[in-house]
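Residue numbers (my numbering): -4 to 284.
Glycine included, each C-beta is placed from N, C-alpha and C at the ideal position.
A short worksheet on the structure shown next.
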């Protein structure tokens, strides 16, 4: 029975929650990445690439906890243009209307004046993941083609370095330049969906970690992943969706780009991961029966 892990996007706070959750499981001897395929979108691409490469989840979590002492995260954007960041909610809303909306967002991404070049952006993402080659584990990273609005799962045969593929999956329109891969330009896979869980079709059992903030925006994200999960189950898959619990949501707050909250989020996610050990272990155990 083939298994898949889906890691959603959600910005720097999603990275913190997913790292903490994975570390909480790891402390109890449960490896989050013990699957046949790993699908990551945006923040999930950053975390998933490191997990697929065999990086210790607790070390990943501890690095974020250390940020409370003034240690900046690896590969962090030195300065977010406030005016451009404030446009993101409307751009995400437009992108959810379908491929035509994403083409419009893609056009904006191509014309926007960003604070870093494409090559500098890719190098920054290389620092963020700290990995120089594609992991041996089967992994796919979701990005959106700016020209046609369609999603693409970037894998080791896509013609790009792992850093470029991660950068493409994480490319927020207006903040970073679209990434060039084999003559196409790509932007953040979260423009299609936070989790893109439906793109993991064909697997028997699928575990989905779907980050979301509290409030209406988070509720919309969860409705989309619920619809995708329902479609997968109708096709015969077993699906388990895990999202931030109440304590994690309180730590996350409404501003998903507020990186100062990351250490606190990791601590709550560690506890949530530890509490979810039986659920995750049972899900995989039943897959093997």
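C-alpha distance - residue i paired with residue j, whole-angstrom precision
i           : j           : result
residue 87  : residue 71  : 22 Å
residue 270 : residue 25  : 12 Å
residue 244 : residue 149 : 30 Å
residue 109 : residue 68  : 21 Å
residue 233 : residue 65  : 42 Å
residue 175 : residue 262 : 37 Å
residue 85  : residue 179 : 24 Å
residue 231 : residue 143 : 30 Å
residue 184 : residue 34  : 11 Å
Exposed unless 16 or more other CB atoms sit within 10 angstroms - verdict on residue i
i           : result
residue 95  : exposed
residue 62  : buried
residue 323 : Limits of the chain in this structure are -4 at one end and 284 at the other, which puts residue 323 out of reach.
residue 60  : buried
residue -4  : exposed
residue 259 : buried
residue 283 : exposed
residue -2  : buried
residue 193 : buried
residue 274 : exposed
residue 122 : exposed
Opposing strand residues paired with residue i [DSSP bridges]
i           : result
residue 156 : Partner(s): none; residue 156 has no beta bridge.
residue 134 : 33
residue 181 : 140, 174
residue 59  : The partner list for residue 59 (beta bridge, DSSP) is empty, contrary to what the question assumes.
residue -1  : 32, 201
residue 146 : 139
Checklist entry - Any chance the stretch 137 to 154 sits against the stretch 201 to 220, with 3 or more Cβ pairs inside 8 Å? => result no
Next on the checklist: As an exercise, report each continuous beta strand (DSSP E) stretch of at least 3 residues that is fully enclosed by the stretch 193 to 225, in chain order.
Outcome noted: 200 to 204
Checklist entry - For the stretch 37 to 55 against the stretch 4 to 16, are there 3 or more C-beta pairs whose distance is under 8 Å? => result yes
Next on the checklist: Within 8 Å, do at least three Cβ pairs link the stretch 131 to 138 to the stretch 164 to 176?
Outcome noted: yes
Next on the checklist: Whether or not the stretch 7 to 19 and the stretch 251 to 268 are in contact is what I'm after, with contact meaning three or more pairs of Cβ atoms, one per stretch, closer than 8 Å; do they touch?
Outcome noted: Touching, yes, given that three or more Cβ pairs across the two stretches are closer than 8 Å.
Next on the checklist: Pairs of beta-carbons, one from the stretch 197 to 204 and one from the stretch 220 to 236, closer than 8 Å: are there three or more?
Outcome noted: yes
Checklist entry - Touch check for the stretch 42 to 49 and the stretch 118 to 131: three-plus C-beta pairs under 8 Å? => result yes
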